[in-house]
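There are 2 protein chains.
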Amino acid sequence: MSKKIIIVGGVAGGASAAARLRRLDDQAEIVLLERGPDISFANCGLPYHIGGEIRRRRQLILKTPADLQRRFGLDIRTRHEARAIDRHARTVTIRDYAEQRDYEEHYDYIVLAPGAAPVRPPLPGIDHPRIHTLRNLADTDAIKRSLADDARTALVVGGGFIGLELVENFRRRDLDVTLVERLPQVMPPFDSEMTTPLLDELHRNQVTVHLGTSVERFDDRDGRIVATLDSGAQVAADLVALTVGVLPDSGLAQAAGLDVDPQGRIIVDSHMRSSDPHIYAVGDAVLVRDAVLPGSTWIPLAGPANRQGRIAADNIAGRDATYRGSQGTSIVRVFERTAAATGVAEKTLAQRGVPYHKIYLMPGHHVGYYPGAEPILVKLLFAPEDGQVLGAQIVGAAGVDKRIDLFALAVQMRLTVHDLAEAELAYAPPFGAAKDPVNFAGFIAGNLLAGDVEFVYPEQLDDNATQRWTLLDVRDETELLTQRYPGALWIPLPKLRERYQEIPVDKPVVTLCATGHRSYYACRMLKQRGYQALSLAGGLYLHHCVTRSDETACPICSQTPNSPS
Amino acid sequence: MSKKIIIVGGVAGGASAAARLRRLDDQAEIVLLERGPDISFANCGLPYHIGGEIRRRRQLILKTPADLQRRFGLDIRTRHEARAIDRHARTVTIRDYAEQRDYEEHYDYIVLAPGAAPVRPPLPGIDHPRIHTLRNLADTDAIKRSLADDARTALVVGGGFIGLELVENFRRRDLDVTLVERLPQVMPPFDSEMTTPLLDELHRNQVTVHLGTSVERFDDRDGRIVATLDSGAQVAADLVALTVGVLPDSGLAQAAGLDVDPQGRIIVDSHMRSSDPHIYAVGDAVLVRDAVLPGSTWIPLAGPANRQGRIAADNIAGRDATYRGSQGTSIVRVFERTAAATGVAEKTLAQRGVPYHKIYLMPGHHVGYYPGAEPILVKLLFAPEDGQVLGAQIVGAAGVDKRIDLFALAVQMRLTVHDLAEAELAYAPPFGAAKDPVNFAGFIAGNLLAGDVEFVYPEQLDDNATQRWTLLDVRDETELLTQRYPGALWIPLPKLRERYQEIPVDKPVVTLCATGHRSYYACRMLKQRGYQALSLAGGLYLHHCVTRSDETACPICSQTPNSPS
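As they're listed, the protein sequences go chains Y and H.
Each residue of the first sequence is one higher than the one before, starting from 1 at the first, in this note's numbering.
Each residue of the second sequence is one higher than the one before, starting from 1001 at the first, in this note's numbering.
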């Protein structure tokens, strides 16, 4: 007898589960329920349709119900919502919105793929028709209608992935854009210093950014919205996009008595099975294994959702498939910059008390002698004991996606920094370097583990720095013209061999340069001459990213084409 | 007492060894001998300077002798050649070309980094002054001089990496270009079918290509060169570039009695140490461990040379560093196409009798709904037993470098196709897809290993195909207009569920579509209805690449913007 599977939710995880199930079991009865009018739409593409880069709305619809019905013999029911599950009787009560009626369906298995819903905080004035969230095509249509009504200004509340993508796309449509973010940084999953180049990019694109402040209320003033911030400032806008996070859409699961955590995220085992063996759950509503640290994590992203859907299908079809966990590999383009992350952030490691080392580097994304090389700022986090890669973050103008994927694979497969050093990657001048940034990251991390170098980090350079250390600037003379670190001694690297005896021996020496490359050489030289020498990690560029002082402008932030090494 | 190290050869491996040695041992005496006038130049950039993309010659000089001398305290001697090694006395006899004298230096260690020299076959007329090889800046200058002398036409002999890069750069300078390659394909390290898109790209760029033929002689005709091919054809050119391979420049090593293989490649252990423990050897003259198959391999590439130099330095400095082996990760840009490879090619696996599976796919390099998606053709080779990734090749217009690096890391770390399937990679619409091509490669390979699909490969579709199999084309009607496979039955995939009974049951069915994606769905459906069904791997596009028949044009070859899936 054929199985009957009801899939609740027809986007990433649900659609993947349905298609895979059909391929594995052509006899199964597969019912796909979707509350909205569309299934399998490109939710990650919505901001780009708002900005006009994706021109046609129908490009966002990857598969129509008719497509899927014909191609896979799926029973697709849009505008049908699963309202309740009777786990004892194994039935689902379904609301048919078109016919305005409820009915029941028996199931052998359910796959819950309800996703996550945008948070809409209960602020005064929040129900203004021009205050939007963005989850689906209907939301997209609503935002586009607001834009068409002669909007000139937009306020984006929340500076995460979707917020920044909307900022970019509103600017693309020539709106004046203001961004408000509660935290003192954009892109909350990232470590703060890695977001400075994005902040500078927002400024360069005339975006007004308010960090560390929240909206307290919205008021209507002649059809426009005025947002009052907790700083007291007011921002007027024709249109507001609220992108302050999402919450698991797990009401159905909770009502059915499935195990959820205190935040309402559905608990599943490694087979993506909920606490009821006949009910699987996948995607943005689900708590999964943390791929790096012990315990669970909640990472609502499209890639994991798709793979989880596939795994649930495999298990329902009688195979033994397990999900390895999520690690938060993600990427965002912000105008001409790209930021990407994988694995655990430093702030999480610190908070969890996990021992870690960190290194920074700022190589070109390909060899400097080939035109168009752009610096990328790389942060690598790894275990002090064995060099296991724990996480990485990168920001730059080009080549960011390629390197983050390599770090992502390293994190997932528990590779070490030594493996990165030895990676044999493809090199021709337009694509990289004989020693790729990924190799360099491995070299530097290996040097730290071997004790060949010790770092001082920019956040340690406080007002007492010159009392604790002799700061030694080893850059060339021309570089001093634009920026100089106060109180630092200056001996250019090429002169250091002959002049090192000018350096006082009473204090440890911290060497510094633009990116941390030459300061490492200087450090090695001084250490072998009896000095206690440390290198300023990431150089003065990273110092700028940490302090956001204009003293030391970063080449990624300031569009200087090439980083000196 | 400080060590004295003599490094023979000052480009990739030698320069890396010198710089690393200095960082590890500031007291060591490091003498760098370079026969030519330049050290540490960008040999991979030479073709791009000839084409003008790298405008200034000095951009190719990464470090001048003076730079290195000042910065690292190295004793750099250009135009000095090591002529003999007395291993017993531990001395090197050195020729100083400027002073026209020989002298001796004692050593504690030698690092041999002599590189490889372009082959110059002993053909009649080979010494014509406008017949060039390309190894260094002097060769580059000579080619540029030939170009400046009003050259209109160029002949490139040899269609490997450097040959194709020169073809592109000569075209960039508006020369008429002819390419002659002895083998029936360009890019000899690649499997033949993966080079068809490059061949089509050469044609699209008005390059005349002669495959499977060699030059027999060169004659001078009024200052121009006339090459006579073994086919009898003649090609006249103002300039010839010979890029028919390189040979290890191991004369010094051989004369010193170091172990070499019959092809003259220096034999080293995993520490990069030659048969004399005081002599290390790195780079293009050295035989190294094969990173994938048992035994040794010779892979003259810049990345391995650089890492080997570093490893030799570590060992000389008293550390224990081992080289993991080379796997031939490489990439070439040919006009608007890029081809890349890593690990073992199918032809090598076949020749060595290593069991393997292969799969093909042709996804977009990012999601299709975001503008600019370009198809990439991916070939993945893996072990039938456990799915270990053995090799991969990719050709396409964009995103090739990123995926080959992921496959390269997989090959090196002995990951399996299941690891590829589960890789959590960075996704936003401009950068990839929720299921990246690398994930898809893992899915398809996993399907093959699980027995969910069996493939027929285009090379198996001979004239008797329709006798052995029922060929079933499942594409849409519009696609049949431009190309049709002779003798194939046609049922579009969406109709297959209702019409499958039209398919005869007397023979196995081979399903086919454009790229192998829909044919897989059809296969799954038919298998579950009792048919013995197989899917045409890579679809009709791969069929074109294998047969080079114009019947089934490939979207990579024909610039069709998007592959139907």
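All C-beta atoms, glycine included, are put in the ideal place defined by N, C-alpha and C.
Only a predicted model underlies this, so the values are computations on that prediction, with no experimental measurement involved.
Below 8 Å on the Cβ atoms is my contact criterion, and I expect residue i with residue j to pass it. Report the Cβ-Cβ distance as a whole number of Å.
| i | j | result |
| --- | --- | --- |
| H/G1283 | H/Q1308 | 6 Å |
| Y/L301 | Y/R265 | Going by Cβ atoms, the distance from Y/L301 to Y/R265 rounds to 14 Å, so no, they are not a contact pair. |
| H/R1337 | H/L1199 | Not really, about 10 Å apart at Cβ, beyond 8 Å. |
| H/R1310 | H/R1020 | 5 Å |
Less than 8 Å separating the beta-carbons of residue i and residue j?
| i | j | result |
| --- | --- | --- |
| Y/T153 | Y/A237 | yes |
| Y/I126 | Y/R135 | no |
| H/T1078 | H/G1036 | yes |
| Y/F443 | Y/A341 | no |
| H/L1361 | H/G1516 | yes |
| H/Y1457 | H/Y1280 | no |
| Y/L32 | Y/D75 | yes |
| Y/R568 | Y/T196 | Missing from the structure shown is residue 568 of chain Y; chain Y here goes from 1 to 565 and no further. |
| Y/I7 | Y/A151 | no |
| Y/A423 | H/Q1412 | yes |
| H/N1306 | H/M1272 | no |
| Y/M187 | Y/A66 | no |
| Y/V207 | Y/V246 | no |
| Y/G158 | Y/D249 | no |
| Y/R484 | Y/I491 | no |
| Y/A428 | H/V1244 | no |
| Y/A450 | Y/N439 | no |
| H/A1426 | Y/D405 | yes |
| Y/G446 | Y/V400 | no |
| H/F1161 | H/S1040 | no |
| H/L1060 | H/A1042 | yes |
| Y/Q327 | Y/V292 | yes |
| Y/I359 | Y/L380 | yes |
| Y/L461 | Y/H357 | no |
| H/A1024 | H/A1313 | Per the sequence shown, the amino acid found at residue 1024 of chain H is Leu instead of Ala. A contact, by the Cβ cut-off of 8 Å. |
| H/A1434 | Y/G9 | no |
| H/E1409 | Y/L409 | It should be noted that the sequence gives Leu, not Glu, for residue 1409 of chain H. Taking 8 Å as the Cβ cut-off, H/L1409 and Y/L409 qualify as a contacting pair. |
Beta-carbon within less than 8 Å of residue i's beta-carbon, same chain only, minus the 5 sequence neighbours each way: which residues are those?
| i | result |
| --- | --- |
| H/L1229 | V1180, H1210, T1213, S1214, V1215, E1216, V1235 |
| Y/H128 | F218, D220, I225, V240 |
| Y/A233 | H210, T213 |
| Y/L489 | T470, L471, L472, D473, E502, I503 |
Using CA coordinates, which residue listed in the options is at the minimum distance from residue i?
| i | options | result |
| --- | --- | --- |
| H/I1131 | H/A1241, H/P1277, H/A1281, H/D1314 | H/A1241 |
| H/D1026 | Y/V546, Y/R497, Y/T478, Y/V417 | Y/R497 |
| H/V1510 | H/Y1097, H/Q1327, H/F1455 | H/F1455 |
| Y/Y103 | Y/L123, Y/E81, Y/P124 | Y/E81 |
| Y/L582 | Y/E385, Y/G451, Y/K495 | Beyond the ends of chain Y as shown, which are 1 and 565, falls residue 582 of chain Y; an answer cannot be given. |
| H/R1171 | H/Q1069, H/A1227, H/R1475, H/Y1048 | H/Y1048 |
| Y/Q532 | Y/C523, Y/G538, Y/G539 | Y/C523 |
| H/E1201 | H/V1395, H/A1313, H/P1184, H/A1408 | H/V1395 |
| Y/R90 | Y/P508, Y/V505, Y/K3 | Y/K3 |
| Y/V334 | Y/A17, Y/G51, Y/E29, Y/S16 | Y/G51 |
Closer than 6 Å by C-beta to residue i: which residues in its own chain qualify, once you throw out the five before and the five after it? Chain order, please.
| i | result |
| --- | --- |
| H/R1083 | T1093, R1095 |
| Y/A398 | H365, E374 |
| Y/S563 | Only weak support exists for where Y/S563 lies, its pLDDT of 38 falling under 50; the value from the coordinates is given anyway. Within the same chain, Y/S563 has close Cβ partners M362, P375, T515, P555. |
| H/S1275 | L1258, D1259 |
Note down, in chain order, each residue of its chain lying with its Cβ closer than 7 Å to the Cβ of residue i, except the 5 sequence neighbours on either side.
| i | result |
| --- | --- |
| Y/S270 | R289, T322, Y323 |
| Y/V546 | E193, P458, E459 |
In chain A, what lies closer than 8 Å to residue i by C-beta?
| i | result |
| --- | --- |
| Y/R529 | Of the chains in the structure shown, none is chain A; the protein chains are Y and H. |
*Could you run through the region 1534-1546 of chain H and flag, in chain order, every residue whose CB is less than 8 Å away from some CB of chain Y?*
None of the residues of the region 1534-1546 of chain H has a beta carbon lying less than 8 Å from any beta carbon of chain Y.
*For the region 1486-1500 of chain H, which residues have a CB atom closer than 7 Å to at least one CB atom of chain Y, in sequence order?*
So the close ones are L1493, P1494, R1497.
*Selection of the region 337-370 of chain Y by Cβ proximity to chain H, strictly under 9 Å*: Along the region 337-370 of chain Y, the positions whose C-beta sits under 9 Å from a C-beta of chain H are T338, A340, A341, T342, V367, G368, Y369, Y370, read in chain order.
*When you check each C-beta in the region 1393-1420 of chain H against every C-beta of chain Y, which residues fall closer than 7 Å?*
Listed by position along the chain: D1401, K1402, I1404, D1405, L1406, A1408, L1409, Q1412, M1413, L1415, D1419.
*asked:* To be precise: take each residue of the region 1028-1055 of chain H, compare its Cβ to all Cβ atoms of chain Y, and keep it if any distance is under 7 Å. Which residues remain?
replied: Answer in chain order: A1042, C1044, G1045, Y1048, E1053, I1054.
*Any residues in the region 368-390 of chain Y with a beta carbon nearer than 9 Å to a beta carbon of chain H? Which ones, in chain order?*
Look at the region 368-390 of chain Y: the residues with a C-beta under 9 Å from a C-beta of chain H are G368, Y369, Y370, P371.
*Which residues, in order along the region 1302-1334 of chain H, keep a beta-carbon less than 7 Å from a beta-carbon of chain Y?*
From the region 1302-1334 of chain H, only A1302, G1303, P1304, N1306, R1307, R1324, S1326, Q1327, T1329, S1330, I1331, V1332, R1333 have a Cβ closer than 7 Å to chain Y.
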